[in-house]
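S.K.:
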Amino acid sequence: MASKTTVIHWFRKGLRVHDNPALVRAVEEAISRKSYFRAIFMLDPGILSWMTVGPNRWRFLQETLSDLDENLKKINSRLYVIRGNPNETFPKLFKLWNVELLTFEHDIEPYSIERDEIVKNQAEKFNVEVIEEYSLTIFNPELVVQKNRGSTPMTYQKFLSVASELKVPQPVDNPTKLPNSCIPELDKNELKDEEVYDVPTLEQLGVNSSEISEYSRFPGGETEALRRMNEKLKDVKFICEFEKPNTSPNSLEPSTTVLSPYLKFGALSARLFYQKIKEVYRGRKHSSPPVSLEGQLIWREFYYTVAATTENYDRMVGNKICTQIPWKTNPKYLEAWKNGRSGYPFIDAIMRQLKQEGWIHHLGRHAVACFLTRGDLWCSWEDGVKVFEEFLLDADWALNTGNWLWLSASAFFHQYYRVYSPIAFGKKTDPEGKYIKKYVPELRKYPSGSIYEPWKVSLENQKKYGCVIGTDYPHRIVIHEDAMKENLSRMKAAYAKKKVDVEETPQGKRKADSPKGNTSKKAATKQRNSLEKYFKK
DNA sequence: AAAGTGTTGGAGAT
DNA sequence: ATCTCCAACACTTT
1 MASKTTVIHW
11 FRKGLRVHDN
21 PALVRAVEEA
31 ISRKSYFRAI
41 FMLDPGILSW
51 MTVGPNRWRF
61 LQETLSDLDE
71 NLKKINSRLY
81 VIRGNPNETF
91 PKLFKLWNVE
101 LLTFEHDIEP
111 YSIERDEIVK
121 NQAEKFNVEV
131 IEEYSLTIFN
141 PELVVQKNRG
151 STPMTYQKFL
161 SVASELKVPQ
171 PVDNPTKLPN
181 SCIPELDKNE
191 LKDEEVYDVP
201 TLEQLGVNSS
211 EISEYSRFPG
221 GETEALRRMN
231 EKLKDVKFIC
241 EFEKPNTSPN
251 SLEPSTTVLS
261 PYLKFGALSA
271 RLFYQKIKEV
281 YRGRKHSSPP
291 VSLEGQLIWR
301 EFYYTVAATT
311 ENYDRMVGNK
321 ICTQIPWKTN
331 PKYLEAWKNG
341 RSGYPFIDAI
351 MRQLKQEGWI
361 HHLGRHAVAC
371 FLTRGDLWCS
381 WEDGVKVFEE
391 FLLDADWALN
401 TGNWLWLSAS
411 AFFHQYYRVY
421 SPIAFGKKTD
431 PEGKYIKKYV
441 PELRKYPSGS
451 IYEPWKVSLE
461 NQKKYGCVIG
471 TDYPHRIVIH
481 EDAMKENLSR
491 MKAAYAKKKV
501 DVEETPQGKR
511 KADSPKGNTS
521 KKAATKQRNS
531 LEKYFKK
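Just so we're aligned, residue 1 is where the first sequence starts under the UniProt record's numbering, counting upward by one.
1) Looking at the unbroken beta strand (DSSP E) that takes in R83, where does it start and where does it end?
2) Kindly identify the DSSP beta-bridge partner or partners of Y473.
3) Could you pull out every residue in the same chain whose Cβ sits closer than 6 Å to the Cβ of H361, ignoring the five residues on either side in sequence?
4) Can at least three beta-carbon pairs, one atom from the region 350-359 and one from the region 14-21, be found at a separation below 8 Å?
5) Kindly indicate which three-state DSSP category E357 falls into: helix, strand or coil?
6) Curious, which full-length alpha helix (DSSP H) runs of at least 4 residues does the region 227-285 contain?
7) State buried or exposed for I82, treating a residue as buried only when at least 16 other CB atoms are found within 10 Å of its CB.
8) Whole alpha helix (DSSP H) runs in the region 293-351 with 4 or more residues, listed along the chain?
9) Within this structure, are the beta carbons of Y36 and P184 separated by less than 7 Å?
10) Between which two residues does the beta strand (DSSP E) holding E504 run?
11) With DSSP as the reference, label T176 as helix, strand or coil.
12) Looking at the secondary structure, which residues open and close the alpha helix (DSSP H) in which L407 lies?
13) Since W10 sits in a beta bridge, which residues does DSSP pair it with?
14) Taking the alpha-carbon positions, what's the N319 to E335 distance?
15) Touch check for the region 52-62 and the region 21-31: three-plus C-beta pairs under 8 Å?
16) Tell me which same chain residues have a C-beta within less than 7 Å of the C-beta of K34, skipping the five on either side of it?
17) Would L363 be called buried (16 or more neighbouring beta carbons within 10 Å of its own) or exposed?
18) Report the start-end ranges of each alpha helix (DSSP H) in the region 49-78 that is 4 residues or longer and not cut off at the edges.
19) Pull up the DSSP beta-bridge partners for I131, would you.
20) With distances taken from CA atoms, which of V236, S255, L297 and E311 is nearest H286?
21) Give every residue of the same chain whose Cβ lies closer than 7 Å to the Cβ of T401, excluding the five residues on either side of it in the sequence, and list them in chain order.
22) Check for me: the alpha helix (DSSP H) holding I31 runs from which residue to which?
23) Pick from G449, S112, E28 and P454: whose alpha carbon is nearest that of V440?
24) Evaluate E486 with the Cβ neighbour count: other Cβ atoms within 10 Å of its Cβ, from every protein chain shown; 16 or more gives buried, anything less gives exposed.
25) At which residues does the alpha helix (DSSP H) containing D383 begin and terminate?
26) Give the single residue among N148, L93, G84 and P219 whose Cα lies nearest to the Cα of T64.
27) With burial defined as no fewer than 16 other Cβ atoms inside 10 Å of the residue's Cβ, what is the status of S77: buried or exposed?
28) Looking at E432: is its Cβ nearer than 7 Å to the Cβ of Y473?
29) Give me, in chain order, the residues of the same chain whose beta-carbon lies closer than 6 Å to that of A398; leave out the 5 immediate sequence neighbours on both sides.
30) Drop a sphere of 10 angstroms on the beta-carbon of K261, count the other beta-carbons inside from all chains shown, and report buried for 16 or more, exposed for fewer.
31) G426 by DSSP, collapsed to three states: which one?
32) Whose C-beta lies closer than 6 Å to the C-beta of D383 among residues of the same chain, with five residues either side of it excluded?
33) From which residue to which residue does the alpha helix (DSSP H) around H366 run?
34) Please state whether DSSP places R510 in a helix, a strand or coil.
35) Under 6 Å Cβ to Cβ from P445, same chain only, skipping five residues before and after it: list those, please.
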């Protein structure tokens, strides 16, 4: 039937029209080849076999897709949402639409790489050209590793120095408006109703809308992402003086930008945000990485680079950068932590905010992550990753995993004796306990002097404040002072074992009588060498 | 071999 | 607000 050919841009992450090189390329090619242009997104049910998406992130994705559809209409196009597994669906689409070119943004997650390999093979079979562009991060991990002579920079400072030698890619312009000749007419034979390609409603995504009534704080979408970014950029003092450790984990209004959910879905381009921050800095005194706002974006770059080059990055076993620690499975502890019922009001407030709103401050993440793992509950960081993955709007495979590796002192960070106190830490920025009162309302009548430690209040006063510990609010599941001491010794043992294990690796001949001072140095050198070898493909 | 550094600890002193 | 100490890690620089 010699029908006109089609150029497809496949959205996965990068759910935006701005700074989207693969989209721009597809539009340009469609125009020059006089082909139809279609932008697609695939709802892949397979993703649920390996990740949990809570109702709030479904909501955020749904809003992001709706907004993307609207923004594509401004260039005379629309979004086609395809229900199905990419590997099964693409061959059908290639045939149905007579596809000659497919473009998408390259991703680094193992799941994506595997999926894309299959799709690329299918494309070859159907004689479909594939163009991948890179726009996920500012610095392409491949180029970073190349610049570092084949090894991954494993410290932030090292990453900074390597990145400083790389060219910073500038955002690309929005795609031009498509001529009518590129707009496909509805083929009556293909499907009876164009509506099957519409952005799904929440109900169609299997989300009960009554479940999401309270999640209105951060709407999804590129339009909201750009609005939020521009609003933050107006506050020059905030941008220039930003120092992460001085922001508050427990203010009632977020003390940081909350642009992370938009970066996660690619509704906001990291390259654009980076450029905008630099524009505000220009000619002004400003803070510096790692604590500055620019530094926060570079943390994202750092974790993406390590994630892209580390085998079994999201697991302890088989992960060469991860200290092997004998965590214990404890469903009771895990459930209490997850549901904000640990008995520590500061911890519970954070976990409840996470579940309700899908975003918590970075330092709040530190406090609850330390608590779950090396600080108090001795549960695996992998358990924590899964809970964050379910609830966080910004749950990002590379970043979420990286932060858990850090906080559990499994990689990157090693000063395991620095433990966050579930009582003292929050008091520094919220001595009144207003944050606790908001998210753990059963404690709202407790005075500021005891709201962080309600178990210390006499039963008489507990009754007076309308919240009896053990009845209306749980007893603390562990005694922090004791748990911390025990866990410190467990960490010490795990680190000592690592040292010995590295020392006994096959390529190294161990000197049984070598002085102790030498041991750590030798072990460290060996580990570094083996890592470098490992990263050189 | 030793000193310095590492995004953001806590407690107690000044 | 800034100091020391706690008991002390990995890794980099000198």
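Backbone N, C-alpha and C fix where the C-beta goes; we use that ideal spot for every residue, glycine too.
These numbers come from a predicted model, not from an experiment.
M.R.: Let's see:
1) The residue labelled residue 83 in the question sits at position 83 within the first sequence. Per DSSP, the continuous beta strand (DSSP E) segment holding R83 begins and ends at L79 to R83.
2) The residue you call residue 473 lines up with position 473 of the first sequence. I469, per the DSSP bridge assignment.
3) In the first sequence, counting from the first residue as 1, residue 361 sits at position 361. The answer, listed in chain order, is P249.
4) Touching, no.
5) Locating residue 357 in the first sequence gives position 357, counting from the first residue. Note: E357 maps to helix in three-state DSSP.
6) DSSP assignment within the region 227-285 yields the following whole alpha helix (DSSP H) runs of 4 residues or more, N-terminal first: 236-241, 260-265 and 270-281.
7) To locate residue 82, count along the first sequence from 1; it is residue 82. So I82 counts as buried.
8) 293-309 and 331-338
9) Walking along the first sequence from the start, residue 36 turns up at place 36. Walking along the first sequence from the start, residue 184 turns up at place 184. Closer than 7 Å, so yes.
10) Residue 504 sits at position 504 when you count from the first residue of the first sequence. Careful: E504 lies outside any beta strand (DSSP E) and carries neither H nor E.
11) The sequence position of residue 176 within the first sequence is 176, counting from 1. Here T176 sits in coil by DSSP.
12) Residue numbering aside, residue 407 sits at position 407 when the first sequence is read from its first letter. In the DSSP assignment, L407 falls within the alpha helix (DSSP H) that extends over W397 to L407.
13) Position 10 of the first sequence, counted from the start, is the residue given in the question as residue 10. Its beta-bridge partners are I40 and F104.
14) Numbered from its first residue, the first sequence carries residue 319 at position 319. Numbered from its first residue, the first sequence carries residue 335 at position 335. In a straight line, the C-alpha of N319 is about 26 Å away from that of E335.
15) no
16) Counted from its first residue, the first sequence places residue 34 at position 34. So the list reads S181, once near-sequence residues are dropped.
17) Looking up residue 363 in the first sequence gives position 363. Label assigned to L363: buried.
18) 55-73
19) Here residue 131 corresponds to residue number 131 of the first sequence, with the count starting at 1. Answer is T103, bridged to I131.
20) Residue numbering aside, residue 286 sits at position 286 when the first sequence is read from its first letter. Closest by alpha carbon: V236.
21) Residue mapping note: residue 401 aligns to position 401 of the first sequence, counting from 1. Excluding residues within five positions, the ones whose Cβ falls inside 7 Å are A307, Y313, D314 and V385.
22) Locating residue 31 in the first sequence gives position 31, where the first residue counts as 1. Per DSSP, I31 belongs to the alpha helix (DSSP H) from P21 to S32.
23) Position 440 of the first sequence, counted from the first residue, corresponds to residue 440. Closest option to V440, Cα to Cα, is P454.
24) Stepping through the first sequence from its first residue, residue 486 is reached at position 486. Classification of E486: exposed, given that the 10 Å Cβ count is below 16.
25) Within the first sequence, the letter at position 383 stands for residue 383. Where D383 is concerned, the enclosing alpha helix (DSSP H) stretches over W381 to F391.
26) The residue you call residue 64 lines up with position 64 of the first sequence. For T64, the nearest C-alpha among the options comes from P219.
27) Counting from 1 along the first sequence, the entry for residue 77 is found at position 77. Classification of S77: buried, given that the 10 Å Cβ count is 16 or more.
28) Mapped onto the first sequence, residue 432 falls at position 432. Mapped onto the first sequence, residue 473 falls at position 473. For E432 and Y473, no; Cβs fall outside 7 Å.
29) Residue mapping note: residue 398 aligns to position 398 of the first sequence, counting from 1. So the qualifying residues of the chain are Y303, Y304 and A307.
30) Taking the first sequence and counting its residues from 1, the one referred to as residue 261 is at position 261. Residue 261 is actually Pro in this sequence, not Lys. Label assigned to P261: buried.
31) Sequence index remark: in the first sequence, residue 426 carries index 426 (1-based). Here G426 sits in helix by DSSP.
32) Along the first sequence, read from residue 1 onward, the residue named residue 383 stands at position 383. Here the set comprises L334.
33) Within the first sequence, residue 366 is the residue found at index 366, counting from 1. H362 to C370 is the extent of the alpha helix (DSSP H) around H366.
34) As a working mapping, residue 510 is identified with position 510 in the first sequence. With a pLDDT of 35 at R510, under the threshold of 50, the modelled position of that residue is not reliable, and the figure given next carries that caveat. Of the three classes helix, strand and coil, the one that applies to R510 here is coil, per DSSP.
35) In the first sequence, residue 445 corresponds to position 445, counting from 1. Just to set this straight, residue 445 is Lys in the shown sequence, not Pro. Within the same chain, Y465 and G466 come within 6 Å of K445 by CB-CB distance, once the 5 residues on both sides are set aside.
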